[in-house]
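2 protein chains.
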Amino acid sequence: MRNVGEIDPPQRLLMGPGPINAHPRVLRAMSADLLGQFDPEMTTYMNEVMGLYRPIFGTENPWTFLVDGTARAGIEAALISLASPGDTVLVVNFGRFGLLLSEIFKRIGAHVETVDAPWGEVVPLDAIAAAIERVGPKVVATPHGDTSTTMAQPLEGLGVLCREAGALLYVDTTATLGGMEVAADRWGADIVTAGLQKCLAGPSGSAPITVSARAADHIQRRKHVEQGLRTGDHDDGDGIIIGSNYFDLGMIMDYWSDKRLNHHTEATTMLYGARECARIVLEEGLATRFARHTASGRAMSAGLRAMGLRLFGDDRYRMTNVTAAYIPEGVDGEAVRRRMREDFEIEIGTAFGPLAGKVWRFGAMGYNARKHKILITLGALEAVLRAEGHRSSAGCAVDAALDAWNGI
Amino acid sequence: MRNVGEIDPPQRLLMGPGPINAHPRVLRAMSADLLGQFDPEMTTYMNEVMGLYRPIFGTENPWTFLVDGTARAGIEAALISLASPGDTVLVVNFGRFGLLLSEIFKRIGAHVETVDAPWGEVVPLDAIAAAIERVGPKVVATPHGDTSTTMAQPLEGLGVLCREAGALLYVDTTATLGGMEVAADRWGADIVTAGLQKCLAGPSGSAPITVSARAADHIQRRKHVEQGLRTGDHDDGDGIIIGSNYFDLGMIMDYWSDKRLNHHTEATTMLYGARECARIVLEEGLATRFARHTASGRAMSAGLRAMGLRLFGDDRYRMTNVTAAYIPEGVDGEAVRRRMREDFEIEIGTAFGPLAGKVWRFGAMGYNARKHKILITLGALEAVLRAEGHRSSAGCAVDAALDAWNGI
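Protein sequence lines, in the order shown, are assigned to chains A and B.
Quick note: the first sequence, position 389, residue 389 per the UniProt record's numbering, numbers continuous.
Quick note: the second sequence, position 53, residue 53 per the UniProt record's numbering, numbers continuous.
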């Protein structure tokens, strides 16, 4: 393998639905020297990570830690630790990530029921309540924000419904944690997971997770059965065993607890990154950070509308950090994305499933949820649309976005 | 969470069985700017990674890529993609990591048979051959080097036996890749996996993997069934479906192929690190690198013996990069490790299972398989042992190690 040179990526401005540009402080923290995984300095960092992520998740849960993998690893660890083969589960499905939850549950061998909304809408709480009553699920699972549709599912009151029905509640906040309010305790969520690569402004590869006492009890009971499996005095055919070693939250919790039982070799550099992401979030303050994302979403929406683009989805439930706009008739969406990348070094997002080829998605999250990056993106897009023959743009998108940012 | 300061770990010299200190170039490469996961520059980097790891694995396999997680994630992805529930599998078990392979297979629902050697020995090829004949396994799985016992299992000829028996062969080279020769093609291995945190001199969190054409066919056939699952026109109760989305190698291969089908968000920073690890290995040259590890193991062994310590395990099969020595009678092994860390900032390894409390493990791998680091470690250990009242040390360990390094 000749001619593989030193790493030297172009400096793209990543204004799609994620991954986005990491905060430079996060990347610098990740260049720190490694430590052994039972080094007292390392376990101190682990305890700090647990403490840092509690307020970010809106929780007092002692079990707040990291899964070593991307956001999807956190999702799978949560679902496989909550649901056993044969369990009935209910998925709140309003986009691609509801489909993902269903698929993972099916692979686990669970019986999956869904309560659905069309793409661009959310599921009303009373529809979820009716589905819980009808289905009697052991686990209810929902995305918070689903970047595929740009919708954020309202979650107030869902935890109470789940507890009344004896169901465990899982929430995927990959796309919202650190950008929109996540309130694990107030929601009554049993497991909440995320990733670094969106509003937390880090690279993909570490999945923050929080686990309620109720879910921890459930997992510890399953773990007890597994210990039998490991020592050989257990018939392993009963379906209670967690079907993964890597994603067995009970074993991972034993490593993050004072017991410090060995599991895998902790991904130290990613832990350093996750720690720095959280430090930056708490230094800025959650309220300030959410307000910055709200202003960003408002500015992006106003700018897109000002250039004559129609937004996708229900305004009332739009995520603050990602906005989808219809590709105007006669415009080649991929040609626009290419020009944005090649002429301006700006990445905007394509779309999936029923929206493939119909909308672009514009992210303004984490380190990129900043006024100048939104203005630059809108100005570039307006120029590219003109170059691609789109006539409806009035050339005032940047001004409209600036006014919206300033709340005018 | 107040008082969580900037990351500032002590500079420990990590001379245990891993993780070890990353090469500084690797950590610097990881601070490069992020890219979108379908950016042409990003997919170029992915293709380069594939090309870089082929010679390191000793393979021509097109399917050579990364799993996003620690070494253990690579192991689980391999096993869950090869074995289905109910399959009979054979594990070559000569230490802790054979037990891990067995445990993961059991969680998958496979029927596990083992062919065993006592800790400190390896399994003779004819014993494996007899076990294959007796068991008729669908998959044979073995560690290459097992750091728990410091033994390296000879693998020449095993692939032929597996092919004759219609079995797929999996080899875990976490502890050896980049330090001892790995010859996936010559061994006839179908999947080989590793991690960065040992001889590749990177941080834990990315798992290089190579997949033979035969294994890829097997996985693609399973994937076909899953696509039915995803589109809903398939009865998902037949046990052929891979029980994990995150570890479904078929889907990960679709992302690394020219199809570039979306799966999870690639852990870009870890990919940058894995790429730099491989560049450094190939710049040094495999033969030079293996010779450096061989000299390191020889020097470490000679030094330990010169201070009167008895080594654990069969000399003929000792890994070159990690050496275990019995803790002398009357010496508190943990007190020695603490003094090594506190007085010298050097980490040496403890042990597991039947060896817990009985041996220390000394790693000299990757960036740390260097003369001065071995001499420094031995000199420090000799001083600590004297301080702890160990009388048998003649004070010549460093000289003996230097002679052994130089082949005298």
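For glycine and all other residues, C-beta sits at the position ideal for the given N, C-alpha and C.
Within chain B, the residues placing a beta-carbon under 9 Å from that of glutamine 37 of chain A are Pro19, Ser204, ordered along the chain.
From the beta-carbon of arginine 12 of chain A, the residues of chain B found nearer than 9 Å are Asp33, Leu34, Leu35, Gly36, Asp39, Glu41. In chain order, Arg72, Ile75, Glu76, Leu100, Glu103, Ile104, Arg107 make up the part of chain A whose C-beta sits under 9 Å from the C-beta of asparagine 245 of chain B. Taking a contact as a CB-CB distance under 8 Å, the pair isoleucine 7 of chain B and tyrosine 367 of chain A does not count as one, their CB atoms being some 18 Å apart.
Membership of isoleucine 408 of chain B in any alpha helix (DSSP H) is not indicated, and neither H nor E is assigned to it by DSSP. Remark: fewer than three beta-carbon pairs, one from each stretch, lie closer than 8 Å, so the segment 337-344 of chain A and the segment 38-53 of chain A are not flagged as touching. In the DSSP secondary-structure assignment, methionine 151 of chain B is bridged to B:Asp146, B:Arg318. The CB of leucine 27 of chain B comes closer than 9 Å to the CB of Met30, Ser31, Ala32, Asp33, Leu34, Thr269 in chain A, given here in chain order.
Contact between glycine 250 of chain A and glutamine 220 of chain A holds, with the beta-carbon distance rounding to 6 Å and staying under 8 Å. Judged by DSSP in its simplified three-state form, tyrosine 246 of chain B adopts coil rather than helix or strand.
When the five nearest sequence neighbours on each side are left out, the beta carbons in the same chain lying within less than 6 Å of the beta carbon of tyrosine 53 of chain A are those of Thr64, Pro208, Ala278, in order along the chain. Exclusion of the five residues before and after alanine 387 of chain A leaves Arg339 as the residues of its chain whose Cβ lies within less than 7 Å of its Cβ. When 7 Å is used as the limit between beta carbons, tyrosine 272 of chain A is near these residues of chain B: Ile7, in chain order. Taking 8 Å as the CB threshold, leucine 158 of chain B stays off the interface with chain A. When beta bridges are read from the DSSP output, valine 89 of chain A appears opposite A:Val112, A:Val139. Classified as exposed, isoleucine 408 of chain A has fewer than 16 neighbouring CB atoms from the shown chains inside 10 Å of its CB. Contact between phenylalanine 57 of chain A and threonine 210 of chain A holds: their C-beta atoms lie close to 4 Å from each other, under 8 Å. If you draw a straight line from the Cα of alanine 201 of chain A to the Cα of isoleucine 20 of chain A, it comes to about 7 Å. Distance from the Cα of proline 354 of chain A is smallest, within the candidate group A:Thr320, A:Met270, A:Arg96, A:Pro203, for A:Arg96. Taking a C-beta distance under 8 Å as the contact criterion, asparagine 61 of chain B and alanine 152 of chain B do not qualify as a contact pair. Secondary structure within the segment 321-362 of chain A: the beta strand (DSSP E) runs of 3 or more consecutive residues, fully enclosed, are 322-326 (chain order). Close partners of arginine 279 of chain A in chain B (Cβ separation under 7 Å): Val4. Taken through DSSP and simplified to helix, strand or coil, proline 55 of chain A comes out as helix. Cβ-Cβ separation between alanine 22 of chain A and proline 203 of chain A: approximately 5 Å, consistent with a contact (criterion under 8 Å). Contact between aspartate 33 of chain A and proline 9 of chain B holds, with the beta-carbon distance rounding to 5 Å and staying under 8 Å. Counting other Cβ atoms within 10 Å of its Cβ, glutamine 197 of chain B reaches 16 or more and is therefore classed as buried.
At least 8 Å separates the CB of isoleucine 209 of chain A from every CB of chain B. Secondary structure of leucine 286 of chain A (DSSP, three-state): helix.
Straight-line spacing of the CA atoms in glycine 243 of chain A and serine 244 of chain B works out to 9 Å.
If you draw a straight line from the Cα of arginine 275 of chain A to the Cα of glutamate 181 of chain B, it is about 37 Å long.
If you check the CB distance, alanine 324 of chain B and valine 359 of chain B come in under 8 Å.
The segment 172-215 of chain A is shown to contain whole beta strand (DSSP E) runs of 3 or more residues at 191-193, 207-211, in chain order.
Annotation for alanine 127 of chain B: Val115 place their beta carbon closer than 7 Å to its own, counting only its chain and skipping 5 residues before and after. Per DSSP, reduced to three states, the secondary structure at leucine 99 of chain B is helical. Residue contact check for glutamate 48 of chain A against chain B: a CB pair falls below 8 Å. For isoleucine 191 of chain B, the closest Cβ of chain A is not nearer than 8 Å.
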